[in-house]
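What follows is a short report on a single structure.
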Amino acid sequence: MNFKKSNLLFKSFSNPIKLGISLAIVALNAEASRVRGDVDYQYFRDFGENKGLFSIGATNIHIFDKNGQDVGIMLKDNIPMPDLKTANKNGAFANLIDPSFITSVRHNVGYSQVLFGGEDTNPDSHHFSYLLVNRNNFPDEWDGVTYSNPQDKDYHIPRLHKMVTEVAPAELTDVLTPNGKENTKILTDLTRFPLYIRVGSGKQEVQESAEDNSKTISLSSAYKYVIGGVTHTMSEANATNVVANGTITPEGKRITDKPITLFGSIYGPMVSYGRSGDSGSALLGYDAQKKKWVIVGVLKSDYGYGNIWSLSRPSYVNAIQERAKAGTIQNTQQNQVWEWSVDALHPETSSIKAGESTALAVPLRNESLKSQDTDKERPSLDYGKSVIFDGVDGGVLLVKDNINAGAGALYFNTNFTVKPETNQTWLGGGVLVAKDKTVTWKIANPEGDRLSKLGTGTLLVQGVGNNLGDISIGDGTVILDQQEDEQGRKQAFNQVGVVSGRPTLILQSADQIDPNKLYFGFRGGRLDLNGNDLSFKRIQHSDDGATVVNHRTDKSSNLTLTGVTVSEQDLTWGNWGKAGSDIYEYAISGRKDYFALKSGGKAGSYYPTNQASSDSWEYLGSDRAAAIQTIIDRKNAQQTLTAFAGYFGEKASDKTNGGLNVNYQPVVEESTLLLTGGMNLNGDFSAKGGKVVLEGVPTPHARDVLNNREVIFDDDWINRDFSAKTISVSNKANFTVGRNVSSLNANINANDNAILNLGYQAGQTVCLRSDHTGEVSCDMPTYSEETLNSIPRMALAGDISLSQQSRLNLGKTDFTGSIQAANTTQTSLSKESHWTLTGNSTLGNLNLAEGSQITLSQNDKPFNTLTVNGDLSGNGKFYYRTNFSTLNSDKVVVNGKASGNHLLVVNDIGNEPQRSKDRLTLITANSSENLTVTLQNSYADIGAYRYNLIQEGSTFRLYNPIVEKEIAEEERKAAEEQARREAEAKRLEEERKAAEEQARREAEAKRLEEERKAAEEQARREAEAKRLEEERKAAEEQARREAEAKRLEEERKAAEEQARREAEAKRLEEERKAAEEQARREVEAKRLEEERKKAELDRLKQA
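Written as structure tokens, this is what we have:
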């Protein structure tokens, strides 16, 4: 954008800027960081903070001077804007190159800690100080090379006591060989490195004239804020340095500028020349071959017309990183148990061992070195080393003693379980879990410690009881599945931070953490409620990176926001001389007086003794309870404004958007909730009291630090979209959709005196959340016509219901839907409202501002009727669809009083209407004394006819007066002809009836004669039939008798044959029995003979 002061709003918030740590950095040159002055300084500020036009990935950005002239393109040729937040937030004099290491210059001797994240003082950010444990200054000799020149070894890579979670490390260039000699020429090759940029916080100056570099304006001392831009052209490089000190002509000739120019380089128009205070800031180069940004070096000095950068030292970095590792555990089988024990005699030493395997010695925090710890480095923590776990999935790390690993971290490249033998704890630099791996974490960290979790893998937390330690989640997934102890206690962590925008936190149950101790820090991340319900006072968050989702498909989650209330337990009692407390007590002359320190008051000023206020102290009285209540009421009033800049629901198309309901139930009735991040709820949103405001958000710009104020361009906002199944507003709640909401998709229900303000209206209250402090403020800005025109129309889709004295106000919106409203409700359309009905709608009272529009039905959809049971007022415009050929159309029915001036626009969609006197009803009102209704252009052309509007009582219809007159005359003539025709028809009818009667009589006589003859014939036929029947019966009797005689003879013969057969059978049976008896006797005789012979033989043997 072209920065213009006319549309720039500076907004001040009450909290003053809080600077980072004080740095005692020795600069090699005492001059200042300088930029050109003919373009708005905000460009450089925004560049340094990835804000405004310079968000990550932005490209081809035109830069305009203060006269609106285009002075060049930044990030041209589609080179994307890099993430500059790898630079530390407290000065940008160091950059993160590894979760545990930063890079800077050796001569930066004064800093002892670094912070990462946004340039804010919002307490929700929970900015964390990463302590330097070893500065790792580049040595005098390395890789067989001796460095005698101090500038050649002006490089270091300090180690930090914790892994950094807020940002992902920057990548070092890999074009340099171990000693940095062979490939340095690549750095000046524009085909490989077409662009270099920098960011830093040195002493700030602007140069107003391109011709005279002596005309400069000093803006600030160093370390107040960061700026950024391109460097001068890289002109030369050697084994340790790369120099930027000139430009390249169109012919390709390299020119060294003396003095150096700030008004553009081959890289772009925004040159940022580093000087005092910029030492250590990174030189980022775009590697066109690999299509990514890399750190090439760090700024160490300038020499009046050029910057000198100390090149990265890849071999040294690798060596230092390896030195921080104890070694690798190679797991060889599933469920293999590795025991981690501390040497009782040497507690700085521990070992990890499985069975008879060789133990890995792991150095821990060394208490004996604590005396050597300073605020510059901490050897006691640096002594601790990291452990890598690799090999077969399913290993177990059994911690047998409390482990304080110092800065040592755990790296898991395989699935592992970490658990204590009983109740041991682990403290160290952090845990990194590799992609697609899961570490089951059953061990606690001590109270006051913050566990850093990194890596794209999963940390499954399954400890037991209350863990008093904290966690900061910077990447991957963390699943909280803490188990209850014997006393029923359960707490996965005391405080949980979700930062960097990369991680997802999943809750296995609602009682894993205290929701009010969860925070979304820099760039946030996802909280997956996983089918659980949580209640927050408010959601702590730093920026719009926070996202609350439910990825579970079989169970919905409910999120409730109650607002913040302060009780006596929340108050801080102060001591005289120390600012920052809520209330102070002063004992004097047998009584106690109570005071509050005024804004800007001096805590060292004496308390008043006369029971009155002073310039510094506000007297609250001598009643302790009353004084406390005064402060509580005051703080609760301040807490009524809360905001959530994050997102409700899942917006990523590759992730599940499960059921999620969001409920706002403020404890304090006057509370306001500002939502500016967007919403995609597969569920409902409800507001049960208070006020909810949905808005877009001003495009973030770097803060005006020198004047302690936000920089907001009132015509430069980011649009947001909101969606839910249903939005319910009740209990006198106010639901307002303000500026820069591009769409809202939901069915909306309002009852119990609720107010719906849907779409921005000029003069409407606008709420802002400070990017710097997190504070929320609301006011009624007066916008220019240009700004008002820049605010987009909102697309509102869904059906609305109103009841119990609720009100609906439509602003700058295109509303598509129907409304069902009770008689006691009020609906108002502003001048920029357009409502398109999707079905029949019923309203209570309707007021239409001049310019408002109602389209009664959609194309290719059925006609609709808008019924107003109350009163219609104002000056609206109605769009009708009609079908005159069938006398069907949209309609408006007003059952109350109708007033105002309303314009009707008719679009007939039917066939050519018949020439007729038909009239088509458009509006029906109960009372229309003060109602004026007209057609646009005073008529409506339908087919070949032109129609006018006629009022018949309180009804307005379309008709054609000319056709009606013509048809009346034609109808008179037709009536006369009809009478003649009817008389002739009557005569003919009488003649017809007479002829018909004669024919009837003749037919009757003929019929009677035919009936007589038929009767005689019938009698003859019946007599003949009787005779034939008697003869038939006699013949049948004769045949029956003959058949009976034959049957009896056959039965006799059968009986005789049966008797013969029975006698024969008896004879045969007797013969069979006699034969059987004979056979039996013969067998018996044979048996007796054999027995005799056997007896005789036995007798002979005995003899």
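The opening position of the sequence shown corresponds to residue 1 in full-length UniProt numbering, with each subsequent residue numbered one higher.
By construction, the Cβ of each residue, glycine as well, lies at the ideal position given by its N, Cα and C atoms.
The structure presented is a predicted model; accordingly, all values stated were derived computationally and were not measured.
The distance from the Cβ of Phe389 to that of Asn335 is about 14 Å, inconsistent with a contact at the 8 Å cut-off. DSSP places Arg591 inside the beta strand (DSSP E), whose first and last residues are 591 to 597. Lys300: not part of any alpha helix (DSSP H); member of the beta strand (DSSP E) spanning 292 to 302, first to last residue. 8 Å or more divides the Cβ of Thr825 from the Cβ of Gly759. Beyond the five residues adjoining it in sequence on each side, Val892 comes within less than 6 Å, by CB distance, of Leu866, Ile923 in the same chain, given in chain order. Straight-line spacing of the CA atoms in Asn901 and Leu935 works out to 11 Å.
Per the DSSP secondary-structure output, Leu132 pairs in a beta bridge with Leu160. In terms of Cβ geometry, Asn895 and Asn869 form a close pair [threshold 8 Å]. Close CB contacts of Asn745 within its chain, under the 7 Å cut and outside five residues either way in sequence, are with Ser723, Ala797, Gly798 (chain order). Out of Thr565, Thr787, Asp771, Asp343, the CA that lies nearest to the CA of Gly763 is found in Thr787.
Taking C-beta atoms under 8 Å as the contact rule, Leu187 and Val109 fail to qualify, at a distance of about 27 Å.
Using a Cβ distance threshold of 8 Å, Lys89 and Gly48 do not count as a contacting pair. Per DSSP, reduced to three states, the secondary structure at Asn840 is coil, with no helix or strand assignment.
Boundaries of the alpha helix (DSSP H) around Tyr43: 42 to 48. Rounded to whole angstroms, Asp871 and Arg881 show a C-alpha spacing of 23 Å. Secondary structure at Glu568: helix, using DSSP grouped into helix, strand and coil. As DSSP reads the structure, Ala795 sits in a beta bridge with Ser743, Asp814. Pro139 and Glu236 have their C-alpha atoms roughly 24 Å apart. Cβ neighbours of Ser581 within its own chain (closer than 8 Å, five residues either side excluded): Thr572, Trp573, Gly574, Asn575, Leu597. A Cβ-Cβ distance of about 6 Å is found for the pair Ser351 and Ser341, placing them in contact under the 8 Å criterion. When DSSP states are grouped into helix, strand and coil, Arg720 belongs to the strand group. Cβ contact annotation for Asp436 (same chain, cutoff 7 Å, sequence separation greater than five): Gly457, in chain order. The straight-line gap separating the alpha-carbon atoms of Arg1087 and Gln1078 is approximately 15 Å.
Pairwise C-beta distances place the stretch 94 to 110 in contact with the stretch 276 to 290, as three or more of them are shorter than 8 Å. Within the model, the alpha-carbon separation for Tyr783 versus Asp714 is close to 8 Å.
For Thr642, the closest C-alpha among the options Gln1058, Ile473, Gly563, Leu96 is that of Gly563.
Straight through space, the alpha carbons of Val741 and Leu675 are spaced by roughly 11 Å. Taking the Cβ atoms as the reference, Ser830 lies roughly 23 Å from Asn751, outside the contact range of under 8 Å.
Beta bridge pairing from DSSP links Ser686 with Asn663, Ser728.
Sequence-distant partners of Asn466 (beyond 5 residues in either direction) whose C-beta falls short of 6 Å from its own C-beta, in its chain, are Arg489, Gln491. Judged by DSSP in its simplified three-state form, Leu432 adopts strand. Per the DSSP secondary-structure output, Ile800 pairs in a beta bridge with Ile748, Ile819. Straight-line measurement puts the Cα of Ser310 at about 7 Å from the Cα of Asp154. Rounded to whole angstroms, Val667 and Trp717 show a C-alpha spacing of 32 Å. In the three-state reduction of the DSSP assignment, Thr146 falls in the strand class. At a Cβ-Cβ threshold of 8 Å, Leu262 and Tyr273 count as neighbours.
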